[in-house]
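Enquirer: I have a structure I would like to understand better, so I am pasting it below and will then ask my questions one at a time.
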Amino acid sequence: MKTTKLRVWDKKQKKFLEIGSEEERATPQYSSKDGLFFTLNGYAYEIDAKIVQQTGLKDKDDTDIYEGDIFEENYFDNEHEGQVIK
């Protein structure tokens, strides 16, 4: 069974939060056009954020590629390599 990987772009802090990660321990409840509602250590929060899903693809360094990631493509003869740069 394939596991769906998600991450959250916090628009205010301008950084990604990993959902359910050890450092954040955030559990999403639901999202709306106005933001994301989640619980953290028993408290409920609302943040201006966007949830993005992992595409199932990886770059040449075995890094997961998520929706909206910017990557650089290199062409060498008939070989194609790509790497996430942002």
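Here the sequence shown stands for residues -3 to 82, where the numbers follow this note's numbering. From the three backbone atoms N, C-alpha and C, an ideal C-beta is built for every residue, glycine too.
1. Could you tell me the distance, in whole angstroms, from the CA atom of Ile43 to the CA atom of Arg3?
2. Between Asp83 and the rest of its own chain, which residues show a CB-CB distance below 7 Å, the 5 nearest in sequence each way excluded?
3. Taking only three categories from DSSP, how would you classify Glu42?
4. Rounding to the nearest angstrom, what Cα-Cα distance links Lys10 and Lys56 in this structure?
5. In the DSSP assignment, the beta strand (DSSP E) including Ile66 goes from what residue to what residue?
Expert: Taking the geometry as given:
1. Position 47 of the sequence shown holds residue 43. Position 7 of the sequence shown holds residue 3. Distance between the alpha carbons of Ile43 and Arg3 is about 14 Å.
2. There is no way to answer for residue 83, as the model of the chain reaches only from -3 to 82.
3. The sequence position of residue 42 within the sequence shown is 46, counting from 1. Correct three-state label for Glu42: strand.
4. As a working note, residue 10 is residue 14 in the sequence shown. As a working note, residue 56 is residue 60 in the sequence shown. Looking at the two C-alpha atoms, the distance is approximately 26 Å.
5. Position 70 of the sequence shown, counted from the start, is the residue given in the question as residue 66. Counting along the chain, Ile66 falls outside any beta strand (DSSP E), and DSSP gives it neither H nor E.
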